[in-house]
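Asks: Mind the numbering: the sequence shown is residues 1 to 486 in the UniProt record's numbering, read in order.
Let me give you the structure first, and then I'll get to my questions.
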Amino acid sequence: MELNQLNYSYKTMKKQLILSLSLFSLLAIILVNCKKKEDPAPSTPTTPTNPVTATAPTLDNAANATGSSDITATSVKVSSNLSANGGAAISQHGHVWSETNAAPTTADTKTELGATSGPFPLKFTSELKSLKANTTYNVRAYATNDKGTTYGTAVQVKTGAVAVTGEINGVWVERAKFPTNARSDYRLVSANNKLYLLCGGRTLDENYNIERYYDAYEYDPATDKWTEKAKAAITRSAIFFPQVKPLVSATGKIFFPSGVGPTPYDVKANIHEFDPVANKWTVKGALPTDFDPAGTVSFVINDKAYFVGHSSSKGFVKAVWEYDIPTDKWLKKGDFPGEAGSDGFGASYKGKGLAIGMGANIAPFTKTSWSYDPATDKWTTIGQPNVDYFQNIESILGFDSDKVVYYGNAPAKGFIRPQVLTFEPFKKKVPAQTTDIPLPQSCNSNMGMKILHVGQRTFAVMDEGGTKPTACEKETAGKLYELVKK
1 MELNQLNYSY
11 KTMKKQLILS
21 LSLFSLLAII
31 LVNCKKKEDP
41 APSTPTTPTN
51 PVTATAPTLD
61 NAANATGSSD
71 ITATSVKVSS
81 NLSANGGAAI
91 SQHGHVWSET
101 NAAPTTADTK
111 TELGATSGPF
121 PLKFTSELKS
131 LKANTTYNVR
141 AYATNDKGTT
151 YGTAVQVKTG
161 AVAVTGEING
171 VWVERAKFPT
181 NARSDYRLVS
191 ANNKLYLLCG
201 GRTLDENYNI
211 ERYYDAYEYD
221 PATDKWTEKA
231 KAAITRSAIF
241 FPQVKPLVSA
251 TGKIFFPSGV
261 GPTPYDVKAN
271 IHEFDPVANK
281 WTVKGALPTD
291 FDPAGTVSFV
301 INDKAYFVGH
311 SSSKGFVKAV
321 WEYDIPTDKW
331 LKKGDFPGEA
341 GSDGFGASYK
351 GKGLAIGMGA
361 NIAPFTKTSW
371 SYDPATDKWT
381 TIGQPNVDYF
391 QNIESILGFD
401 SDKVVYYGNA
411 PAKGFIRPQV
421 LTFEPFKKKV
431 PAQTTDIPLP
441 QSCNSNMGMK
451 ILHVGQRTFA
461 VMDEGGTKPT
471 ACEKETAGKL
481 YELVKK
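See below:
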């Protein structure tokens, strides 16, 4: 980038200043706002017999945000280019910034990177520290030689917001409604940054006759659109579909154990796999004869899935099963050493499995949580999270950095209660949860919904309204909401 060369002839002047400064790039990510501002009149030196003016450089609009470390709630890193020294030694250079002054100078807060002799063009970087969170600052580069100081074009940068740990608050924003029959007993699962709603059923009358659905739908948060996918060979119901959440393999395929049969009493259980990319369902091999999961905790580590806990025929058990996803083979592992339970939450983290709260709303209830190491086939207790309550399988765990976010769905109480749990030491909320988030829209306190994390975003689908839905329930059933965090 070039500056107009300004020549001044004076009897006492022995050299000429050509000092150009261009703000080359502003490195930032997450909550960064950069707006080009008109540069004010260039500054002049204080010596009246040797005035110096400079043409302000311009912002390079091709600057890229390249690293999450370049902006935080209290600091920002910026880089600029010094094209030439103007024929005189650079005695000081850096960046100046101000929250209130649109054209900050060296009288405002500044970095001082010292003298430099190049080589030119010279790229230099400053870290602006001790900033306020979620605040916009005006920033300029500057350089000084014995003829004066010149500045680059002013830009605005915004620091990040302070992360609020332990308390999550927000508002529900309605998204595209589920496009077909509202239902219950379906499953939500996230894969490849999309939401999948699988199967389900609708209660037709007070005798609990059920209309079963074998379809699958994909919701893309990027486009806010639903797409119908291939139909499955199974459906979820209290009898046909053991209560095990769908899992996702390392290759992005969705799978879960389920039963299929001509009657509820003639069910064959297999692993059912759905490939969202190929839009294809595959029925894999049969489950082991003494493995009939229901409310079983499960998680995936690399290319293997693990199932521990409750059995639909035997009740509370300690059996642990390993399923090799590529080979479709089963292997029984060592028994779970803790108290047998049901409807806990499974997750994987850094190569270990997590079994959280091995007991939901049926006895024996326990909050004790465990970590599983597949390399040694050993379980280790990781404490009792100080949650107010664990709900059931419809509650969810999501991930946020090194934390687990537990969403307790309490429709009868009219709210959900997200609670942040830590992995290390994983013993309490961080800090205590104080804010209950009202349900997005519920015509009565018993109208349910299902919640799901898709990446760092949280969605909720409203269930059907029951056997005799009101007009409000008919309108609400099947609506999709996103929790937009404040």
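Beta carbons: idealized from backbone N, C-alpha and C, even for Gly.
Express the C-alpha separation of valine 297 and serine 371 in angstroms, rounding to a whole number.
Replies: In a straight line, the C-alpha of serine 371 is about 12 Å away from that of valine 297.
Asks: For a quick check, are the C-beta atoms of tyrosine 151 and tyrosine 137 less than 8 Å apart?
Replies: No, Cβ-Cβ distance for tyrosine 151 and tyrosine 137 is not below 8 Å.
Asks: I'd like to confirm something about leucine 354: is its beta-carbon nearer than 7 Å to some heavy atom of the ligand GDP, or not?
Replies: What this structure holds is no ligand at all, so the ligand GDP is not there to describe.
Asks: Quick check on lysine 158: buried or exposed, where buried means 16 or more other Cβ atoms within 10 Å of its Cβ?
Replies: Label assigned to lysine 158: buried.
Asks: What are the boundary residues of the alpha helix (DSSP H) that tryptophan 474 is part of?
Replies: For the record, residue 474 in the displayed sequence is lysine; it is not tryptophan. Note, lysine 474: alpha helix (DSSP H), 471-476.
Asks: Pick from Ser98, Thr470, Lys486, Asp463: whose alpha carbon is nearest that of alanine 477?
Replies: Nearest option by C-alpha distance: Asp463.
Asks: Can you tell me where the beta strand (DSSP E) with isoleucine 451 in it begins and where it stops?
Replies: 449-454 is the span of the beta strand (DSSP E), which, as asked, contains isoleucine 451.
Asks: Check alanine 220 in the structure and name its three-state DSSP category.
Replies: Checking the sequence shown, residue 220 turns out to be aspartate, not alanine. It is a strand residue.
Asks: Leaving out five residues on either side along the sequence, give the residues of the same chain with a beta carbon under 7 Å from the beta carbon of glutamate 228.
Replies: Taken in chain order, the residues that qualify are Asp215, Tyr217.
Asks: Shorter than 8 Å from the beta carbon of threonine 381 to some beta carbon of chain D?
Replies: The structure shown contains no chain D; it is built from a single protein chain.
Asks: Using the rule of at least 16 other Cβ atoms within 10 Å of the residue's Cβ for burial, across every protein chain shown, is asparagine 207 buried or exposed?
Replies: Exposed, since its Cβ has fewer than 16 Cβ neighbours within 10 Å.
Asks: According to DSSP, is aspartate 324 part of a helix, a strand, or is it coil?
Replies: DSSP places aspartate 324 in strand when its eight states are reduced to three.
Asks: Below 8 Å on the Cβ atoms is my contact criterion, and I expect lysine 284 with isoleucine 271 to pass it. Report the Cβ-Cβ distance as a whole number of Å.
Replies: Sure, about 4 Å apart at Cβ, within 8 Å.
Asks: With a CB to CB cut of under 7 Å and the five nearest residues on each side skipped, what residues in its chain are close to glycine 334?
Replies: Counting only Cβ-Cβ distances below 7 Å, and skipping sequence neighbours, we find Val320, Asp377.
Asks: Does the count of Cβ pairs from the stretch 87-96 and the stretch 107-120 closer than 8 Å reach three?
Replies: Enough Cβ pairs lie closer than 8 Å, so yes.
Asks: Could you tell me the alpha carbon to alpha carbon distance between leucine 483 and valine 171, rounded to whole angstroms?
Replies: Near 6 Å, if we compare the C-alpha coordinates of valine 171 and leucine 483.
Asks: Using the DSSP secondary-structure output, state which residues sit across from threonine 149 in a beta bridge.
Replies: Beta-bridge pairing links threonine 149 to Thr144.
Asks: What are the boundary residues of the beta strand (DSSP E) that includes asparagine 193?
Replies: It is not in any beta strand (DSSP E) - asparagine 193 carries neither H nor E in the DSSP assignment.
Asks: Would a C-beta distance cut-off of 8 Å place glycine 383 and serine 342 closer than the cut-off?
Replies: Cβ distance not < 8 Å, so glycine 383 and serine 342 don't count as in contact.
Asks: Taking only the alpha-carbon atoms, compute the straight-line gap between glycine 200 and aspartate 185 and give it to the nearest angstrom.
Replies: Those two C-alpha atoms are separated by around 5 Å.
Asks: With DSSP as the reference, identify every bridge partner of tyrosine 137, one or two as the case may be.
Replies: According to DSSP, which records beta bridges pairwise, tyrosine 137 is partnered with Val157.
Asks: Can you give the beta carbon distance from aspartate 290 to alanine 269, rounded, assuming they're within the 8 Å contact cut?
Replies: Actually they do not touch by this definition, with Cβ atoms about 12 Å apart.
Asks: Tell me whether the beta-carbon of alanine 89 lies closer than 8 Å to the beta-carbon of asparagine 145.
Replies: Yes.
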